[in-house]
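In the working numbering, the protein residues as written are 1 to 47.
Dropping the structure here:
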């Protein structure tokens with residue numbers, strides 16, 4: 001990962017409830033679930 005992406009890139013998800021938008025930094029996501037980072041990157045490239 002180049003540049004400041006570890007600190008600046010966020011992943012968002014929504015729980016389905018009002019006010020349920022969650023965000024997590026790339027650095028934290030890599031520490032907890034590194035497989036999800038790869039999965040989300042590949043999923044984003046698919047048509």
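Virtual Cβ for every residue (Gly too), placed ideally from N, Cα, C. Just so you know, these numbers come straight off a predicted model, no measurement behind them.
{"Query": "Inter-residue CB distance, residue 14 and residue 21 (contact presumed, cutoff 8 Å)", "Result": "5 Å"}
{"Query": "Backbone secondary structure at residue 32 - three-state DSSP", "Result": "helix"}
{"Query": "Top-ranked residue by Cα proximity to residue 24, from 34, 18, 11", "Result": "11"}
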